[in-house]
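Novice: Going by UniProt numbering, the first residue of the sequence shown is number 1, and it counts up by one from there.
C-beta: ideal position from N, C-alpha, C; glycine also.
Here it is, the structure, as structure tokens.
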Amino acid sequence: MLRTSSCDRLRLTPPCGGTATTPRRSESFTLSTFRAPPKCPGGIKKNDELPRPLASPSPPPSELDLLFRGLRAAFFRSDHVSADHPAAGVLAARDSVRLRDELIAAGQWKAREYTRTKLLDGDGFMVMLLCWAPECASPVHAHSCAESGIASNCFLMVLEGSLAETVYGEEAILPDGQSVDARFGRTRIVSAGAVAYINDSMGIHKVANPTNARAVSLHVYAPGWKRAPLFEEMRFEEKFPEVDAGGAELEIDSWGDF
């Protein structure tokens with residue numbers, strides 16, 4: 001018995017005496033045409049969870065948020081307030097321009113006056129925003145509460161413009177204890193971005209915006225107070241009522257905070 005090939009050697013005899021033929025392999029099963037579908041590396045299986053989109057990054061904290069956090073931490077660490085208290089470093093570390101931009105909409109403006117806006121009533125301290133119209137000034141005042149007698153401290157940071165601070169020592173206070181001799185005042189300019197500090201052991205003072213442009217300042221009082229002791233500024237060479245930097249007679253209702 002002869003062994004024959006199942007493919008190329010198999011001959012089929014057609015009916016009616018036709019010529020025998022050899023069956024051919026289907027071209028669809030040759031190596032040259034059949035290719036398995038490519039595999040997807042790391043493909044997702046039926047029961048796999050779809051990858052979750054990355055969460056959007058949180059926006060950076062505002063300059064005011066950083067200030068408030070820093071002040072809360074500073075006064076938590078120490079309730080003994082002085083010029084080198086950690087609160088001074090917190091203020092100095094902040095960007096005065098960014099603070100101004102974030103706070104300017106919260107301020108109030110009045111011609112020839114300065115206004116106050118409370119921003120935070122913290123534990124042992126208070127933060128206020130002061131907006132100074134051109135050519136206005138505060139009265140001379142101390143930094144203690146006139147009602148409770150508790151001494152306070154004031155940190156001041158100028159955010160826009162510049163302010164003139166005039167300090168009066170003990171030698172400037174007249175015997176009545178309610179007025180000062182203007183000739184003994186020492187004035188310095190506090191420019192934008194600078195931080196100043198005062199308490200009653202250093203003297204009493206007044207703050208003014210003697211320029212024709214507006215000014216903005218941030219004040220931190222520690223502790224806060226309800227009403228400050230005021231002093232009349234005596235100019236012995238003058239015989240007319242005390243005036244502010246703009247020449248208008250001072251009215252106590254327009255002073256605001258100090």
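#1: I need the DSSP call for Thr30, collapsed to helix, strand or coil.
#2: Indicate whether the contact test is met: 3 or more Cβ pairs, each with one atom in the segment 134-145 and one in the segment 203-220, closer than 8 Å.
#3: Out of Ile189, Asp176 and Ser148, which one is the CA nearest neighbour of Leu156?
#4: Determine the extent of the beta strand (DSSP E) in which Ser96 is found, giving its start and end residues.
#5: Would you say Ser197 and Met128 are within 9 Å of each other, going by their C-beta atoms?
#6: Would you report the Cα separation of Gly161 and Arg52, rounded to the nearest angstrom?
#7: Might you give, ordered along the chain, the residues of its own chain that have their beta carbon closer than 6 Å to the beta carbon of Asn212, omitting 5 neighbours on each side?
#8: Check whether the segment 69-80 touches the segment 109-129, taking contact to mean three or more Cβ pairs, one atom from each stretch, closer than 8 Å.
#9: Return the CA-CA distance between Ala192 and Ser96, expressed in angstroms with no decimal places.
#10: Terminal residues of the continuous beta strand (DSSP E) containing Asp121?
#11: Helix, strand or coil: how does DSSP classify Arg25 here?
Specialist: This is what the structure gives:
#1: As a first step, residue 30 is located in the sequence shown; it is residue number 30 there, counting from the start. Note on Thr30: pLDDT 42, under 50, position unreliable in the model; no value is reported.
#2: yes
#3: As a first step, residue 156 must be located in the sequence shown, where it is residue number 156. Among Ile189, Asp176 and Ser148, the Cα nearest to that of Leu156 is on Ile189.
#4: In the sequence shown, residue 96 corresponds to position 96, counting from 1. Segment Ser96 to Leu103 is the alpha helix (DSSP H) holding Ser96; no beta strand (DSSP E) there.
#5: On the sequence shown, residue 197 is found 197 positions in, with the first residue counted as 1. On the sequence shown, residue 128 is found 128 positions in, with the first residue counted as 1. Here residue 197 is Tyr; the residue named in the question, Ser, does not match the sequence. Not a contact, by the Cβ cut-off of 9 Å.
#6: Sequence index remark: in the sequence shown, residue 161 carries index 161 (1-based). Sequence index remark: in the sequence shown, residue 52 carries index 52 (1-based). If I take the Cα positions, the gap works out to 50 Å.
#7: Your numbering for residue 212 matches position 212 in the sequence shown. Excluding sequence neighbours, Asn212 sits near Pro134.
#8: yes
#9: Sequence index remark: in the sequence shown, residue 192 carries index 192 (1-based). Sequence index remark: in the sequence shown, residue 96 carries index 96 (1-based). One C-alpha to the other measures close to 7 Å.
#10: Locating residue 121 in the sequence shown gives position 121, counting from the first residue. Taken as a continuous stretch (DSSP letters only), the beta strand (DSSP E) holding Asp121 covers Tyr114 to Asp121.
#11: Sequence index remark: in the sequence shown, residue 25 carries index 25 (1-based). Since pLDDT at Arg25 reaches only 49, below the 50 mark, its modelled position is unreliable, and the value read off the structure follows with that caveat. DSSP places Arg25 in coil when its eight states are reduced to three.
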